[in-house]
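In our numbering, the protein residues as written are 17 to 272. Where is the CB? At the ideal position from N, CA and C, for every residue including glycine. From a predicted model like this one, the values you see are computed outputs, not experimental measurements. Contents: one structure, followed by commentary.
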Ligand SMILES: Nc1ncnc2c1ncn2[C@@H]1O[C@H](COP(=O)(O)OP(=O)(O)O)[C@@H](O)[C@H]1O
Ligand SMILES: [Mg+2]
């Protein structure tokens, strides 16, 4: 299913309206987001790009419900997540969102499969079922043979694939990744980029903050954030011409 066809038919999964966020530290304030409007549709592979310090991580955190906002609204599946209590927003996030960070954030004393099953156990899935699902997801990211290794026994790329498996295991509506290749050498980064592209191919909605041109190039929509605002929003220019005005993707590179 192409994202643009979905765009014609459906409400966005995530709908941000006039979202603003100010950080105050002592007598210093930073307007990190200044009235952001953004819609994210099912099946999209979106890259959020822009120079450091311009609000990309803040945008990801505010749209996914990790962080609070000062004004505006963020609707996820039509639900105004910042109108929820902290507890309810956290529960909603756990159920609907998956996260991947630059620094992997794996628990060092747990094996790969134990890291991956953790969100399921936290959601009260029975241990046997959690182990089964975690094992299946590790197979999907090509790490079945590393299931019992701890993070310290894995390469950076393998650790990031464990983190991606952990993000996937709850079948999230959106996977949010903040500079996921930032700690990886270029060939390892390429394999992680391939993995995100595969997930997208199988219908996963993926939103990635990145400086990595090889990652940005693979996305089908690039949102540039400058000074707390969306400065541009469009398909990758090399792919943009493959979409006709009806919103149906055409062109050799796109899957049907
Ligand atoms: N927790 C925080 N406290 C104070 N200022 C912050 C905090 N997080 C981010 N900022 C500031 O908000 C702005 C946007 O930051 P960020 O969203 O991290 O940018 P990016 O991800 O594009 O590098 C920057 O000026 C940054 O210093
Ligand atoms: Mg950042």
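Checking the 8 Å criterion, the Cβ of residue 75 is within range of a heavy atom belonging to ligand 1. The three-state reading of DSSP puts residue 158 in coil, since its state is none of H, G, I, E or B. In this structure, the beta-carbon distance from residue 120 to residue 35 does not fall below 9 Å. Separation of the CB atoms of residue 124 and residue 168 is rounded to 6 Å, and the pair is thereby assigned contact status at 8 Å. The stretch 98–111 and the stretch 75–87 touch, with no fewer than 3 CB-CB distances between them shorter than 8 Å.
In this structure the stretch 127–147 does not lie against the stretch 208–215, because fewer than three pairs of beta carbons, one per stretch, are closer than 8 Å. Exclusion of the five residues before and after residue 46 leaves 39 as the residues of its chain whose Cβ lies within less than 6 Å of its Cβ.
Distance from the CA atom of residue 181 to the CA atom of residue 69, rounded to whole angstroms, is 29 Å.
For the 9 Å CB-CB criterion, residue 66 and residue 242 form a contact. In the structure shown, residue 147 falls within a helical segment according to DSSP collapsed to helix, strand and coil.
Taking 8 Å as the cut-off, the C-beta of residue 202 does not count as close to any heavy atom of ligand 2.
Relative to the non-hydrogen atoms of ligand 2, the Cβ of residue 194 comes within a distance shorter than 8 Å of at least one. Separation of the CB atoms of residue 60 and residue 221 is rounded to 6 Å, and the pair is thereby assigned contact status at 8 Å. DSSP, reduced to helix, strand and coil, places residue 47 within a strand of the structure shown. Taking C-beta separations shorter than 7 Å and ignoring five residues to either side along the sequence, the partners of residue 165 in its chain run 127, 128, following chain order. Residue 115 and residue 183 have their C-alpha atoms some 5 Å from each other.
Going by DSSP, residue 194 is part of no alpha helix (DSSP H) but of the beta strand (DSSP E) stretching over 190–194. By the beta-carbon neighbour count (other beta carbons within 10 angstroms, threshold 16), residue 171 is exposed.
In the DSSP assignment, the residues bridged to residue 64 are 225, 239.
Set against 8 Å, the gap from the CB of residue 72 to the closest heavy atom of ligand 2 is smaller.
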